[in-house]
Every structure is written in structure tokens, then in C-alpha cells.
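Numbering (this note's numbering), first residue to last: 18 to 278.
Dropping the structure here:
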């Protein structure tokens, strides 16, 4: 590693440690003082927050290592100091995700992107807030989308119609099998899609469907869909169907993936 690169990496690690000292240690002192004043039974329940301080320091250290390794891949002339409005919120949030390597990786990627002259001004401060609102599973889902070249992906609503009524009612909204096997909580895929749409990372369109109908067959063969249909068929007078839709990354979502994922 050249002297210039080594200096910048060391500065980055130093900034991480310094900001965390300023943020966490007063909190640690305050928490310790507060716990000492509480009745023993209550103090035991709140004692886990002392563990948060310790694990938060470890999370900062691991993120610094990730950032240092990723910074090695950037040409030396492209390296620059990260903007405080990105770096400081990133460091603050790292202490909260000590138990998720997926989220820690996203924060480290964002920090390194803010050190790359070519893309640092594409790094939006809102990206920190978005990562705060992601689960580790949603981070896995976005990683799969980042590694996929498709422009549109299949997604469906499962709907039913009572024989004596004309209107359809939704049973399940926004079910897809895209990346589902990578998830820990597969049953939450619908809420994950809702959240990614809420964050404007994806858009779900009910007015468009993929012309190759066979692409939807993967969804119809999945156990979640089959089990849902089997359960509902037990009720007489219900007509089941699926509303075929598509979802795709928004421009904002593509930029987020470029800088963060």
C-alpha cells in the first residue's frame, strides 16, 4: 500500500474511532450511572444496554476493517475524504447493527462510496436513513437485485371473489419468489416488498405484466402460493385468482444500490 493510501485509510479508521468515542462513551458513562441508581431487579433487565456499548465498539472496528479493505480497490488518485454529513451519521448508526453483518456491510459500502471521487456526489444523505429502515433480510434481497440484470421482475396479488359478489378482495399483496430462498424469514417477503416500495427503492406496477407468462410459473409452483390456495379452497363459494404484476428498481433505487450495495 502506498504512503498516501495508507495515510487515508489510517485517517478513516481514526475518524471512526474518534467519532465513536464522542458518541458512545458519554452514553456508556450515563448508562452506568443510571443503572447504579436503579433497584437490582430493574438494573438486571436494563443491563443489556451496557452490552450494546461494548458490541457497538466492536461493530465500529469491523466496519473500519471492511472500509479499509474496500478502499484498497479504489485508485489512489480517486480517494478523498468522506463528507461529514455522510460519515458521521454512518458511524452513529453502526453501533446499532452490531448483530447484523448485512447492515454493517451496507454502511461500510456507503462510507467507502463517499471516499470515491467518481461517485461521492451521488451519495445522498437519505441513504443512511434508508439503511436504518431495512432489515437484514431486505439487505439480502437488495444484494440479489444488485447481482441481477433483469429490468422487471414478476410479482402477484392473490385475490378471491365470492360467488354472490362481483368485486374481488385481496388475500395477499405483492408476493414474489425473487431472492426468497436467500431470506431467513421467507414468510415476510410481502412486507419486505411493501417496505422497499415505501422507501422508493422499487416500484410495483399493476398495469404491466411480463409478456413471457412462464416467468410467473415459478411463483405458482412455490409452496407459499400452493399452501395459501389449498387453505382457501376449503371454503365453498370462493373463486381464487392471481393478479399478475411487475416490480422494478426506481432510478433512486439503482443509485442506492450503486453506492450502498
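Backbone N, C-alpha and C fix where the C-beta goes; we use that ideal spot for every residue, glycine too. This structure is a prediction, so every number in the text was calculated from the model and none was measured.
Can you tell me which of the options puts its alpha carbon nearest to the alpha carbon of residue i?
i           : options           : result
residue 240 : 84, 192, 80, 155  : 192
residue 260 : 82, 195, 186      : 186
residue 104 : 80, 90, 93        : 80
residue 135 : 256, 84, 91, 232  : 91
residue 114 : 217, 130, 151     : 151
residue 269 : 217, 85, 99, 95   : 217
residue 95  : 78, 84, 130, 112  : 130
residue 188 : 233, 248, 273     : 248
residue 112 : 78, 141, 223, 101 : 78
residue 100 : 141, 82, 228      : 141
residue 272 : 229, 163, 231     : 163
residue 221 : 190, 228, 229, 85 : 190
Considering only the beta carbon of each residue, do residue i and residue j sit closer than 8 Å?
i           : j           : result
residue 215 : residue 263 : no
residue 145 : residue 258 : no
residue 246 : residue 123 : no
residue 128 : residue 107 : yes
residue 275 : residue 139 : yes
residue 199 : residue 157 : yes
residue 235 : residue 194 : yes
residue 213 : residue 155 : yes
residue 179 : residue 255 : yes
residue 153 : residue 117 : yes
With residue i and residue j assumed to form a contact (beta carbons below 8 Å), what rounded beta-carbon distance in angstroms separates them?
i           : j           : result
residue 132 : residue 97  : 6 Å
residue 169 : residue 265 : 5 Å
residue 87  : residue 143 : Actually they do not touch by this definition, with Cβ atoms about 21 Å apart.
residue 110 : residue 149 : 6 Å
residue 197 : residue 206 : 5 Å
residue 210 : residue 173 : Not quite, the Cβ-Cβ distance comes to about 11 Å (not below 8 Å), so this is no contact.
Determine the extent of the alpha helix (DSSP H) in which residue i is found, giving its start and end residues.
i           : result
residue 122 : 118-130
residue 196 : Per DSSP, residue 196 belongs to no alpha helix (DSSP H) and is neither H nor E.
residue 101 : 101-111
residue 213 : 206-215
residue 149 : 143-149
residue 231 : 231-237
What is the residue span of the beta strand (DSSP E) that residue i lies within?
i           : result
residue 222 : 219-222
Residue i: beta carbon under 7 Å from a heavy atom of the ligand ZN?
i           : result
residue 259 : With respect to the ligand ZN, the structure offers nothing, as it holds no ligand at all.
Contiguous beta strand (DSSP E) assignments of at least 3 residues, all confined to the stretch 163-188: 170-179
Entirely within the stretch 239-270 and at least 4 residues each: give me those alpha helix (DSSP H) ranges in chain order. 240-249
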